[in-house]
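Have a look at the structure below before the remarks.
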Amino acid sequence: MLRAFSTAATGMSAQQMMVDVTANNLANINTNGFKRSQIDFQDLLYVRMKEFGSEVSPGVLAPTGTEVGSGVRVAGTVKVFTGGELVNTDRDLDVAIAGEGFLQVSMPDGSTRYTRDGSLQKGPEGRLSTNTGYLIEPAITISTDAVSVDIGKNGSVNAKDETGNVTVVGTIQLARFSNPSGLASEGDNLLSETLASGTPTPGEPGASGYGTLQSRFLEKSNVQMVTELVNLITAQRAYEVCSRTIKAGDDMLRTAIQSAT
0 MLRAFSTAAT
10 GMSAQQMMVD
20 VTANNLANIN
30 TNGFKRSQID
40 FQDLLYVRMK
50 EFGSEVSPGV
60 LAPTGTEVGS
70 GVRVAGTVKV
80 FTGGELVNTD
90 RDLDVAIAGE
100 GFLQVSMPDG
110 STRYTRDGSL
120 QKGPEGRLST
130 NTGYLIEPAI
140 TISTDAVSVD
150 IGKNGSVNAK
160 DETGNVTVVG
170 TIQLARFSNP
180 SGLASEGDNL
190 LSETLASGTP
200 TPGEPGASGY
210 GTLQSRFLEK
220 SNVQMVTELV
230 NLITAQRAYE
240 VCSRTIKAGD
250 DMLRTAIQSA
260 T
């Protein structure tokens, strides 16, 4: 009965984590480029009371054994990098990545972050940046006399002036990772490289293995509300059942103590 308490407690803790992850997914359902997280569980160690195939009588082996598990733990959370819906915004600095790859973002400390959020802005000096002000790498500067900007599928950034002249002012590059699920979330729609993700491989949009850019589009979140609500209900019910298991174990223990006195 005491084992039931600790086992059920691990279940409650795991389901609480499931609710936390689901809540974050739902909270970011309208976040540009957001990728939903899913949680992976693993069972804990087992107490083996009888070995499998043990001899129960001379020449007779048990077809099964006897073992009792000690609960569950969270093995990890994994970002799911399926594509989100591409929505037309008709804004010339908005760009969506159709396929694999991340925009590269330069941080104030000189490090690089990565994002799928293509809601780009033109900074005070004309530098192309994220909507939070972090500069896009490689550096791209749009002149003040540009009246419109077009971003090609291959990443070329073309600025048109008042006379109609078009100038290529730079090229947006994408970065790929061997294991994008290993990237760490840093907030502000930014991801950072880790040992699990591997090192980034920059490349031109449209090249082999890299997605293309869709100008005047934004990639929305890949969160599916119905899926998340089902996960939420499942976690809530599992949490309640684990709680009832603890109560049942408590009642049984109380009965056993009363019977012994």
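So the sequence shown is numbered by numbering that gives the first Met the number 0: it starts at 0 and just counts up by one.
Glycine included, C-beta positions come from ideal geometry on N, C-alpha and C.
1. Pull up the DSSP beta-bridge partners for E185, would you.
2. Buried or exposed: which applies to R253, given that a residue is buried once 16 or more other Cβ atoms fall within 10 Å of its Cβ?
3. Check for me: the beta strand (DSSP E) holding K159 runs from which residue to which?
4. Verify whether the separation of the beta carbon atoms of E203 and R112 is less than 8 Å.
5. Using the three-state DSSP reduction, which class does A247 fall into: helix, strand or coil?
6. If I measure Cβ to Cβ from A61 and keep anything under 6 Å in the same chain, skipping five residues before and after, which residues do I get?
7. Sort A8, L1, A7 and T30 by Cα distance to N221 and report the nearest one.
8. Please report the straight-line C-alpha distance between M48 and R35, rounded to a whole angstrom.
9. Alpha carbon to alpha carbon, how far is N24 from F33? Give it in angstroms, no decimals.
10. If I'm right that A97 touches G210 with Cβ under 8 Å, what's the distance once you round it to whole angstroms?
11. Counting only C-beta atoms, is G151 closer than 8 Å to chain B at any point?
12. Can you list, in chain order, the residues of its chain with a C-beta nearer than 6 Å to that of E136? Leave out the 5 residues immediately preceding and following it.
13. Where does T254 fall in DSSP's three states?
14. When burial is assigned at 16 or more other CB atoms within 10 Å of the CB, is S118 buried or exposed?
15. Tell me whether E218 sits in a helix, a strand or coil according to DSSP, three-state version.
16. What is the DSSP secondary structure of R35, reduced to helix, strand or coil?
17. Starting from Q19, trace the beta strand (DSSP E) both ways and give me its first and last residue.
18. Just reading off the beta strand (DSSP E) that I135 is part of, what are its end residues?
19. Provide the residue(s) that pair with S128 in DSSP beta bridges, ordered along the chain.
Taking the geometry as given:
1. Your numbering for residue 185 matches position 186 in the sequence shown. None; E185 has no bridge partner.
2. For the purposes of this step, residue 253 is taken as the residue at position 254 of the sequence shown. Looking at its Cβ environment, which holds fewer than 16 other Cβ atoms inside 10 Å, R253 is exposed.
3. Here residue 159 refers to the residue found at position 160 when the sequence shown is read from its first residue. S155 to D160 is the span of the beta strand (DSSP E), which, as asked, contains K159.
4. As a position in the sequence shown, residue 203 is number 204, starting the count at 1. As a position in the sequence shown, residue 112 is number 113, starting the count at 1. In this structure, R112 does not lie closer than 8 Å to E203 by Cβ.
5. The sequence position of residue 247 within the sequence shown is 248, counting from 1. Helix at A247.
6. In the sequence shown, counting from the first residue as 1, residue 61 sits at position 62. Hits under 6 Å: S53 and V55.
7. Reading the sequence shown from its first residue, position 222 is the one you call residue 221. Of the candidates A8, L1, A7 and T30, the one whose C-alpha sits nearest the C-alpha of N221 is T30.
8. As a first step, residue 48 must be located in the sequence shown, where it is residue number 49. As a first step, residue 35 must be located in the sequence shown, where it is residue number 36. If you take the alpha carbons of M48 and R35, they lie about 41 Å apart.
9. Residue 33 sits at position 34 when you count from the first residue of the sequence shown. Residue 24 sits at position 25 when you count from the first residue of the sequence shown. Going from the Cα of F33 to the Cα of N24 covers about 9 Å.
10. Translated into the one-based positions of the sequence shown, residue 97 becomes position 98. Translated into the one-based positions of the sequence shown, residue 210 becomes position 211. 5 Å between Cβ atoms; contact.
11. Judged by its chain identifiers, the structure shown contains no chain B, having just a single protein chain.
12. Against the sequence shown, residue 136 aligns to sequence position 137. For E136, where only same-chain residues beyond five positions count, the Cβ hits under 6 Å are Q103 and S105.
13. Residue numbering aside, residue 254 sits at position 255 when the sequence shown is read from its first letter. The answer is helix: DSSP assigns T254 an H, G or I state.
14. One-based indexing of the sequence shown puts residue 118 at position 119. Flag for S118 reads buried.
15. Reading the sequence shown from its first residue, position 219 is the one you call residue 218. Looking at E218 - three-state DSSP - the assignment turns out to be strand.
16. Taking the first residue of the sequence shown as 1, we reach residue 35 at position 36. In the structure shown, R35 sits in coil (DSSP, three-state: anything other than H, G, I, E or B).
17. Taking the first residue of the sequence shown as 1, we reach residue 19 at position 20. The residue asked about is misnamed: residue 19 is Asp in this sequence, not Gln. From DSSP, D19 is part of no beta strand (DSSP E) but of the alpha helix (DSSP H) over L1 to A26.
18. Within the sequence shown, residue 135 is the residue found at index 136, counting from 1. Here the beta strand (DSSP E) through I135 covers L134 to E136.
19. Locating residue 128 in the sequence shown gives position 129, counting from the first residue. The partner list for S128 (beta bridge, DSSP) reads Q120 and L134.
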